[in-house]
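In what follows, a single structure is set out as structure tokens and then discussed.
Number of protein chains: 6
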Amino acid sequence: MKLKKLVLTGAAGRLGSYLREPLSKMCDELVSTDIADDIGNLYDGERYVKADLAKFDEIEPLVEGADMVVHFGAIVDEVPFEEMLGPNFIGSYNIWEAGHRHGVRRVVYASSIHAVGMYPKTEFIGTDVPHRPDTFYGLAKCFTEDLGRMYWEKRQMESVHLRILSAAQVTNPRALGSWLSYDDLVRLVRVAIDTPVVGFTIAYGVSANDRAPVDNALASFLGYRPQDNAEQFAEQILAEAPQADPTDIGTMCHGGPFASIPLGQSAVGSMGIVDDRKKT
Amino acid sequence: MKLKKLVLTGAAGRLGSYLREPLSKMCDELVSTDIADDIGNLYDGERYVKADLAKFDEIEPLVEGADMVVHFGAIVDEVPFEEMLGPNFIGSYNIWEAGHRHGVRRVVYASSIHAVGMYPKTEFIGTDVPHRPDTFYGLAKCFTEDLGRMYWEKRQMESVHLRILSAAQVTNPRALGSWLSYDDLVRLVRVAIDTPVVGFTIAYGVSANDRAPVDNALASFLGYRPQDNAEQFAEQILAEAPQADPTDIGTMCHGGPFASIPLGQSAVGSMGIVDDRKKT
Amino acid sequence: MKLKKLVLTGAAGRLGSYLREPLSKMCDELVSTDIADDIGNLYDGERYVKADLAKFDEIEPLVEGADMVVHFGAIVDEVPFEEMLGPNFIGSYNIWEAGHRHGVRRVVYASSIHAVGMYPKTEFIGTDVPHRPDTFYGLAKCFTEDLGRMYWEKRQMESVHLRILSAAQVTNPRALGSWLSYDDLVRLVRVAIDTPVVGFTIAYGVSANDRAPVDNALASFLGYRPQDNAEQFAEQILAEAPQADPTDIGTMCHGGPFASIPLGQSAVGSMGIVDDRKKT
Amino acid sequence: MKLKKLVLTGAAGRLGSYLREPLSKMCDELVSTDIADDIGNLYDGERYVKADLAKFDEIEPLVEGADMVVHFGAIVDEVPFEEMLGPNFIGSYNIWEAGHRHGVRRVVYASSIHAVGMYPKTEFIGTDVPHRPDTFYGLAKCFTEDLGRMYWEKRQMESVHLRILSAAQVTNPRALGSWLSYDDLVRLVRVAIDTPVVGFTIAYGVSANDRAPVDNALASFLGYRPQDNAEQFAEQILAEAPQADPTDIGTMCHGGPFASIPLGQSAVGSMGIVDDRKKT
Amino acid sequence: MKLKKLVLTGAAGRLGSYLREPLSKMCDELVSTDIADDIGNLYDGERYVKADLAKFDEIEPLVEGADMVVHFGAIVDEVPFEEMLGPNFIGSYNIWEAGHRHGVRRVVYASSIHAVGMYPKTEFIGTDVPHRPDTFYGLAKCFTEDLGRMYWEKRQMESVHLRILSAAQVTNPRALGSWLSYDDLVRLVRVAIDTPVVGFTIAYGVSANDRAPVDNALASFLGYRPQDNAEQFAEQILAEAPQADPTDIGTMCHGGPFASIPLGQSAVGSMGIVDDRKKT
Amino acid sequence: MKLKKLVLTGAAGRLGSYLREPLSKMCDELVSTDIADDIGNLYDGERYVKADLAKFDEIEPLVEGADMVVHFGAIVDEVPFEEMLGPNFIGSYNIWEAGHRHGVRRVVYASSIHAVGMYPKTEFIGTDVPHRPDTFYGLAKCFTEDLGRMYWEKRQMESVHLRILSAAQVTNPRALGSWLSYDDLVRLVRVAIDTPVVGFTIAYGVSANDRAPVDNALASFLGYRPQDNAEQFAEQILAEAPQADPTDIGTMCHGGPFASIPLGQSAVGSMGIVDDRKKT
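Quick mapping for you: the protein sequence lines, in order, are chains A, B, C, D, E and F. Quick note on full-length UniProt numbering: the first sequence kicks off at 1 and runs consecutively. Quick note on full-length UniProt numbering: the second sequence kicks off at 1 and runs consecutively. Quick note on full-length UniProt numbering: the third sequence kicks off at 1 and runs consecutively. Quick note on full-length UniProt numbering: the fourth sequence kicks off at 1 and runs consecutively. Quick note on full-length UniProt numbering: the fifth sequence kicks off at 1 and runs consecutively. Quick note on full-length UniProt numbering: the sixth sequence kicks off at 1 and runs consecutively.
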């Protein structure tokens, strides 16, 4: 059952740009959107529309006639609440509300481990633990998950919330457990789209790492089977890593550096994330 | 240990106006605030300041020097998200952030059953179940609980979240289980203030009703012991009630009418809430 | 909301005969039934019809027009499966099926601790533990509970399953925990009837005994509050009791003597149950 | 430890006929039984006896001297309760009771997902969840599981209850999760027989499907490791499937079409089950 | 069933000396023991024998012929492991081993909250949580509970482990939740003795305090119903208490000061325990 | 991050002697210790020191300057408590206390399934179940795990407790589930050492056996991925095994023969453990 129309938000972002090609093949029409002026060459069936997530009037027309929205647009770092409010909170509301008004069946959302980042890593957390956000960034993910659950229970609009752990190069010991490879990201988004019925579902976005610290059992019916494993990097990473401090909250908690940084202050610098996306 | 300064938001509201007198006796100075121009005669030690929760600059000065904030200010009905955003979402952020900047120790917050209103009543829910909001109103409660947990875990600012079931006259069968009497409300707020250490705690606000459908076990250390029991009204209420429809979500779920109304549409009318507060 | 018509099965039995009077006051018409030829003087509004539970054709006409059925009819001792089959298995099916065909809203059923009698008493079991029957008698209760759940989930016909522990005189140490007084039995049946919506609910039938070994938390919304307490008999009972053997399964398990007797063999004799019902 | 004698019921059925050959190799003597007059050519060591499960006198002689019974005989579709009673309820009792009288060590039973078919698929259910049958067919499975537990706890007669999801060709999206291949069925029956001690154990009968929605953790000690995976059919099945309706109970629940059909009405037609068994 | 012989260890201690009189009335012969030379006037039926718990040869003769041992003897403060080893570890072994050799039916043991003292008070802990000792003192309680469980499971020797919270005057906010009055201590010991069968059971020793932070549900069958409530002291205690620090582990954890003191260092001084026992 | 100094206790034992070579390669200096006079040829960087675990003065100097201790020294059979006390109880205390005094970061400890050996095998137990020791041997493991947790929570000294099931040749049906191959033992010890932060962690030591009856989910972040599978021996072992008795506690429980032997009496003989270690 090929989809007629898909909408991808955050299409200019690091993860969004990787999703454009595979998504373009799953539908007749892919509408990619972001706040950039331009996202380069387009794939077959793809169309780019610049739009601001925080503005309902810019978002609503895009979703008209769409089967599903793949919602990856957001500020992807910790910033003060006032800056987060528009794109990450109101933006989510706009996607769901516009989707509801136009009969969109499902939203596939880039949630994050930071919705539950304050749990210690010695707890193998499932997808049904109460929220413990580590930042305003994580708080926006909590908000959106709760919003998505409500739209399902009140309006039968489905959503899958992908709590991505770390979709970036493996450059530190934490990533040996938290890594999500680009290929596995695509696998995960694919099953979130092709599973016939999902209701409201949360799934952790993590590769088949030996050290993966989270539990996707409740989302088993999705059939997500990651193929990559960060253990290939373990020997080198561990050899080079400085000795860890077990009393450091950023080492002990699922959220990693987000768990230890002050609220509202950028964490990305300290995580060694490199923009390694392929050029289209 | 009498407190020096308390701040009460929502002081002109139905519940807030009942709290003014007892709170004024628990501290040297009570700063009551709301968006009304006036709240009538003041109690000893009470001062009224009109302020808009959605405006950080109006809220911040109020909390300076306060030990705790009793945060009951909010829109107390279902309205569209755009209207809820300022007072119920941003307002909560403003209270916590202003509190943090001024060293406030604790917030006592009027949360609501509507944060978990979509659970069926045949589940005796504890305070640690994942959120299932029934309205935008409930979603704002979810947001604030998660925010409060984060400020505790990241900044050691305490909070107690009182998930009030229904603090209104008992006029229907649901209220036989959900009633919170004014006296029990005062009892609950009192222990939320006088318990030496609370960290982040959630407690249901409900009287000692025979039919109370929620579980406060995890908040046992607070020592909240309600004294009133809606069973006194059961015979009359049940005799007069029309036959219930077990397939109606508003009858089956904890959220009652909020669980069945459309999102964004007022529920208060259908709940028979009467403004029965004493005039000060 | 007074009921129009109630049906009571097992009206000639020990518990059924106690329920006749209070039930007769809760409805305009009480149809009492049993396999006895006669149950003595009738209460206002009561009518007696002899019928065999195992025969659909005898049961069906009785429930026509009834709001609810209070189903206490059954063999109340352990007997071989072949004897149990008619009244306790097929009888339950007949009640639910006939009820469904005639629009009966709810069945209030005399289930039993023997549906879970093999749990050790050192486990404080809730109403949601998987079945562990101790006898064919208990197996019929498991069957009926599962049947009731199915009729609720497939056909929206409600039921409350009262897992009675021991509604008999307190003559041994086990009964200090398991006693259900007649007055508390009436209280329990009353709330099972007057609660507006129950869906499928299980509740243990036990008085407010200090030593009550079971947990009714999940049925809290029913508001069952027993008033009697077998502890009044404790001193005498314990003084006279022989020393117990902790390796005896009948002492250690919730089912008591039913847990230790051979399947299919009468247990009542060993339990000291005396027919102490009031004569009507 | 090769077994001396095995009994297979339902030997003429779709699954039973697949089991005859492998079972015949695990014992000196295989007694196959069914209500058919004939089951074709026999395997080495196999003997066929026509018998009616509902008749104790026909069943009892078969099990004399048997080590174990592999009990697959039953009506394998939804029918009215009155028709289900003999083969599926009384038949199970007859197997266990006759087995007990003749010292049979263990029954391996074809239970079914329909014992818990009303759970939503978004719950990854274990083998210890309370029953939620979706049909009279499922109710008979609940009955037999409870019976088997009781015979273990009271009489130390072991049993393994294989809750088969769908042992049929993969022709629809549900089967991508629920498929049990014939080879995996044989693997499952084999470990249910060769595990030295099983007590009372429940295990889901499902292949190693990526989308398998159930959890066999509690039966880990059996060592059942399925090898087949319905994901091989996913691309084609999903491409051809009509759009699913998330509010349809038959799509959302484990029981699939059994969850949505009316009680007592055949479901097999709607499931596309084809009799694809090999001819012996 | 009056007991023939009881043994009380720690008879000269603060709690032990309160138990002598009530225990002397529950048996024909009470053998009290401690390491003191003398415990003053004896009650009817009481005999005092000086003995060192750490010496098997001194303990063994005392328990000969005893029905039960009430084992309260131990160092009741934190000391270095080397000093704890004899009385608190080896002493427990000696009691159980000597008891086993002489057919003692049951040990009633003074365990302690300090076996689980590192749990935060915001968790309402049951009796089945894994151990989290806060001191060597607590570690000895863990050891004895595990020992007692093993003697039950291997040798069918029963024991009840009373995890006493704080049986001392209420002089600080923690005690508002943790107080066990002397009368409630006697009630608890009484049911631990008179309950016919206990197997291996753990129960928290705490009064009916509004703020009691622990859960005795699993020991419900014991019928322990405390009557005292520290809330009577709350107003004064809270008025006088200094402001608490929520980041202090000794305030946040069940173990109180034991949770924050260094291992091996006395905690009693900081707890304000006064020897207030009545003189016999 | 290569370690500077490791200490291995029990270096002359069956498992310890297998660990010497791999450990010697993970550090600059390996100090091996045991009570044997000599352990044969030494590996590069290895030094042997004879020492008695029960004597603090002999142990303390060894750990000075060590990063971690791999603590495998102990009596590895059931013996009377008095004999177990020195090496298995006091020995553990000595390792942790000496480690603490010298700033050792972590202990990797050979715990055992016998700490929880009385659980029935039909329960798939996790690492967070309460202790149920089957022997004094298991009781010492319980003691050490609780000790290790306390040193982490009070003194931030880390430990990993490897609950080894059976690291011996596969000679009986139980071992099909419980086998830990030497290679998997090395894998497990390696991740217990190289994981940057472990806090207090328990992990079962078992190979990737199809029939493995325990759950390491909570230790997932360690990334232990065993490679061996005892199923290769299943056909032969099961063919030769005598018929098992399901009522035998030693067959039904995780502890195997330890669960059924009398306390204090050697179990090793009955387990067919052969000293098959390689000669260095």
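We put the CB at the ideal spot given by N, CA and C, even for glycine. Just so it is clear, the structure is predicted and the values come from calculations on it, not from any experiment.
Between the region 234-257 of chain B and chain I, which residues of the former have a C-beta closer than 8 Å to a C-beta of the latter?
Of the chains in the structure shown, none is chain I; the protein chains are A, B, C, D, E and F.
For residue 261 (chain A), is the classification buried or exposed, using 16 other Cβ atoms within 10 angstroms of its Cβ as the cut-off for buried?
buried
Alpha-carbon to alpha-carbon, residue 81 (chain F) and residue 141 (chain B):
57 Å
Neighbour flag for residue 203 (chain C) against chain B, beta carbons, 8 Å:
Among the CB atoms of chain B, none fall inside 8 Å of the CB of residue 203 (chain C).
Would you say residue 210 (chain A) faces chain F, with C-beta separation under 8 Å as the test?
Yes, its Cβ sits closer than 8 Å to a Cβ of chain F.
From which residue to which residue does the alpha helix (DSSP H) around residue 235 (chain A) run?
234-240
Beta-carbon proximity list for residue 170 (chain E), same chain, < 6 Å, skipping 5 on both sides
Cβ neighbours of residue 170 (chain E) beyond the five flanking positions: 179, 230 and 233.
Starting from the C-beta of residue 218 (chain A), find all residues in its chain whose C-beta is less than 7 Å away, skip the five residues before and the five after it, and write them out in chain order.
126, 127 and 128
Whole-angstrom distance between residue 227 (chain F) and residue 184 (chain F), CA atom to CA atom:
7 Å
Out of F:88, F:27, F:113 and F:47, which has the shortest C-alpha to C-alpha gap to residue 132 (chain F)?
Closest in C-alpha terms to residue 132 (chain F), from the list F:88, F:27, F:113 and F:47, comes F:113.
Indicate whether residue 158 (chain F) and residue 246 (chain A) have their beta-carbon atoms separated by less than 8 Å.
yes
Contacting residues, own chain, Cβ-Cβ under 7 Å from residue 191 (chain E) (five flanking each side not counted):
222, 223 and 224
When the distance is taken between beta carbons, is residue 205 (chain F) closer than 8 Å to residue 139 (chain F)?
no
I want to see whether chain D comes within less than 8 Å of residue 123 (chain C), judged by CB atoms only; does it?
no
Residues that residue 228 (chain E) contacts on chain B, provided the C-beta gap is smaller than 7 Å:
Close partners of residue 228 (chain E) in chain B (Cβ separation under 7 Å) are lacking, with about 14 Å as the shortest Cβ gap.
Rounded to whole angstroms, what's the CA-CA distance from residue 6 (chain A) to residue 200 (chain F)? Just pull it up for me.
47 Å
Beta carbon of residue 72 (chain D) nearer than 8 Å to that of residue 98 (chain D)
no
I need the boundaries of the beta strand (DSSP E) containing residue 160 (chain A), first residue and last residue.
158-164
When you compare the CB positions of residue 20 (chain D) and residue 31 (chain D), do they come within less than 8 Å of one another, or not?
no
Straight-line CA distance for residue 195 (chain C) to residue 66 (chain D)?
53 Å
When you compare the CB of residue 190 (chain F) with every CB in chain A, is at least one pair closer than 8 Å?
Residue 190 (chain F) does not count as touching chain A.
Reference residue 103 (chain E); option with closest CA among E:62, E:122, E:38 and E:238:
E:62
Closest by CA to residue 69 (chain C), which one among C:90, C:33 and C:249?
C:33
Runs of alpha helix (DSSP H) wholly within the region 6-30 of chain C (minimum 4 residues, chain order):
14-25
Using a C-beta cutoff of 8 Å, does residue 197 (chain F) count as contacting chain A?
Taking 8 Å as the threshold, the shortest C-beta distance from residue 197 (chain F) to chain A falls below it.
Consult DSSP for residue 33 (chain B) and reduce its assignment to one of helix, strand or coil.
strand
Take residue 107 (chain C) as the anchor and find which of C:210, C:15 and C:8 has the nearest alpha-carbon.
Distances from the CA of residue 107 (chain C) to each of C:210, C:15 and C:8 were compared; the closest alpha carbon is that of C:8.
Would you grab the beta carbon distance between residue 18 (chain A) and residue 151 (chain A) for me? Rounded to a whole angstrom, and I think it's under 8 Å.
That belief does not hold up - the Cβ atoms of residue 18 (chain A) and residue 151 (chain A) are roughly 27 Å apart, past 8 Å.
Give the range of the alpha helix (DSSP H) segment to which residue 141 (chain B) is assigned.
136-155
Taking DSSP as the reference, what is the three-state secondary structure of residue 260 (chain D)?
helix
Any alpha helix (DSSP H) of 4 or more consecutive residues that is wholly inside the region 67-117 of chain D
81-84 and 91-101
Select from D:38, D:28, D:50 and D:51 the residue whose C-alpha is nearest the C-alpha of residue 44 (chain D).
D:28
Can you pull out the residues from the region 58-90 of chain D whose beta carbon lies closer than 8 Å to at least one beta carbon of chain F?
none
Can the beta-carbon of residue 86 (chain F) be found less than 8 Å from the beta-carbon of residue 253 (chain F)?
no
Find out if the Cβ-Cβ distance for the pair residue 54 (chain C), residue 91 (chain C) is shorter than 8 Å.
One thing to note: residue 54 (chain C) has its Cβ within 8 Å of the Cβ of residue 91 (chain C).
Who does residue 47 (chain F) pair with in a DSSP beta bridge?
F:31
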